[in-house]
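A.B. asks: Before anything else, here's the structure in question.
In our numbering, the protein residues as written are 912 to 1050.
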C-alpha cells in the first residue's frame, strides 16, 4: 500500500483528453499532449496549419502564437517529441537527428517547450519536404 501517483519515474503524465492529429500529404499521425501551459494554449488554438521547413529530421512551421520559454525548456529532445520554439514562434516535430545533434543526443537549435509526443512511428515524417502543408487539429 502506498503513494503511487500514476507517474512513471519523472515522466510527465499526458493529459489524455488533449490529443491531436497531424496531416501532411498522405501521412497522418496522432499525438498526446502534456499538461503544460504551452500544450493548453496550442490545443486551444487548433486547427492550425503551415508550410513545413526541414532541419535534418525535424519539421517546423510558424504558428500564430507568441509563447514564452517554460521553466522546463530544453534544447535536448527525443525522437517523437512535439515542441514549441519561442525564438521562431514555431511548432516543431522531432523524428531523428538535427544538424546540431551529437552521437548521443538529438538537439534543437535552441531551447524549446516540449509539450507532446507522437503516438507510434515518428519517422513517417521523413517523407515531408520543405513547403509541404502541415495541418494540426484536435482529435
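No residue lacks a Cβ here, since even glycine has one placed at the ideal position from N, Cα and C.
(1) Compute the beta-carbon to beta-carbon distance between residue 994 and residue 1003, rounded to the nearest angstrom, for a pair I have assumed lies under 8 Å.
(2) Need the endpoints of the alpha helix (DSSP H) that residue 953 sits in, please.
(3) If we count Cβ pairs, one from each stretch, closer than 8 Å, do we get three or more for the stretch 935-945 versus the stretch 1031-1050?
(4) Is the Cβ-Cβ distance between residue 972 and residue 992 less than 8 Å?
(5) May I ask you to report which of helix, strand or coil DSSP gives residue 1022?
(6) Whole angstroms is fine: what's the gap from residue 946's alpha carbon to residue 1049's?
(7) From 1029, 1024, 1009, pick the residue whose C-alpha is nearest to that of residue 952; which is it?
(8) Taking Cβ positions, are residue 986 and residue 997 nearer each other than 8 Å?
C.D. replies: Let me spell this out:
(1) 5 Å
(2) Counting along the chain, the alpha helix (DSSP H) containing residue 953 begins and ends at 948-956.
(3) yes
(4) no
(5) strand
(6) 15 Å
(7) 1024
(8) no
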